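Enquirer: In the UniProt record's numbering, the protein residues as written are 1 to 274. Note that CB positions come from ideal geometry on N, CA and C, so glycine has one too. Note that the structure is predicted; figures quoted are calculated from it, not measured. Sending over a structure as structure tokens; questions will come in a sec.
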């Protein structure tokens, strides 16, 4: 006896397909399902249209709160909500924002997290992760622009703010050099190397060679400690002193070596280690 054909429109299969689409690009998924929803039928209680109306009102209230009272009136997860509104236009983003804060700890850690880790949070696909990283990059560019053309040593707090935003939440060690001219204005900010969670290979001769290419007369060395503790290691101190000794005969001054941690920084010059 022949069995009747199985319908290809199984609701469970549809849900699985929707989930697959969401994992690829949640923005496209929500736009697509909205366009496919019949317009002639009235929404039932508990339907996506009613849910949308509920959180749409929440979004307006949150925008008004930000407009009338500024960012000081908002928690970190609410700032994230405002950002996610634009990436995910047809979904309640409050649970997702709270999940990100729970995973990474605070807003700065969320924006500083690598793409891969962001996508480990359920509901965050590549498109939304890239949007969050774009916000982080914008903030870093703004801070770096504050250093351009200025005497860096007289804007030390700006240097620390920029380095912290750029490096504090990196999952691997990163070594960068700020190259300065004879007025101690920034010529170039360059990453010289990436390493592991607790080590970055640094080649003093290459650092000095690049300084000569840029006609730099001073350097500020910077690297991060992914562990969060900015205390310099013996290797950090020895490497710094080697660069100082290599650069000095060529008229290049090493002003400082800053180590960036999640909750602070250490200055080798301030610690009288160079």
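Below 6 Å CB to CB, which residues in the same chain sit around residue 261 once its five sequence neighbours on both sides are set aside?
Expert: 225, 228, 229, 230
Enquirer: Taking the CB atoms as reference points, tell me whether residue 247 and residue 202 lie closer together than 8 Å.
Expert: no
Enquirer: I want to know whether the segment 128-136 touches the segment 82-97 - three or more CB-CB distances under 8 Å.
Expert: yes
Enquirer: Return the chain-ordered list of same chain residues with a C-beta closer than 7 Å to the C-beta of residue 170, the five sequence neighbours on each side being excluded.
Expert: 224, 226
Enquirer: In the DSSP output, what is residue 267 paired with across the bridge?
Expert: 258
Enquirer: I need the straight-line Cα distance from residue 244 to residue 177, nearest angstrom please.
Expert: 13 Å
Enquirer: Here's a check: name, in chain order, each residue in its chain whose Cβ is nearer than 6 Å to the Cβ of residue 101, leaving out the five neighbours to either side.
Expert: Counting only residues of its own chain and dropping the five nearest sequence neighbours on each side, residue 101 has a CB closer than 6 Å to the CB of 76, 77.
Enquirer: Kindly indicate which residue of 233, 99, 138, 161 has the alpha-carbon position closest to the one of residue 119.
Expert: 99
Enquirer: List the DSSP bridge partners of residue 180.
Expert: 186, 218
Enquirer: Leaving out the 5 sequence neighbours to the left and right, which residues in its chain are closer than 8 Å to residue 140 when beta-carbon positions are compared?
Expert: 162, 165, 166
Enquirer: How is the alpha helix (DSSP H) around residue 245 delimited, first residue to last?
Expert: Unbroken alpha helix (DSSP H) run through residue 245: 234-247.
Enquirer: If contacts are defined as beta-carbon pairs under 8 Å, then residue 143 and residue 158 qualify, I think. What distance do you get, rounded to the angstrom?
Expert: 7 Å
Enquirer: Let me know the secondary structure DSSP gives residue 160 once reduced to three states.
Expert: Three-state DSSP puts residue 160 in a helix.
Enquirer: Mapping DSSP to helix, strand and coil, what is residue 194?
Expert: strand
Enquirer: Please report the distance separating the alpha-carbon of residue 97 from that of residue 64.
Expert: As the crow flies, the alpha-carbon of residue 97 is around 18 Å from that of residue 64.
Enquirer: Identify, in the order they occur along the chain, each residue of the same chain with its Cβ nearer than 8 Å to the Cβ of residue 275, setting aside the five sequence neighbours on each side.
Expert: Residue 275 is absent from the structure shown; the chain starts at 1 and stops at 274.
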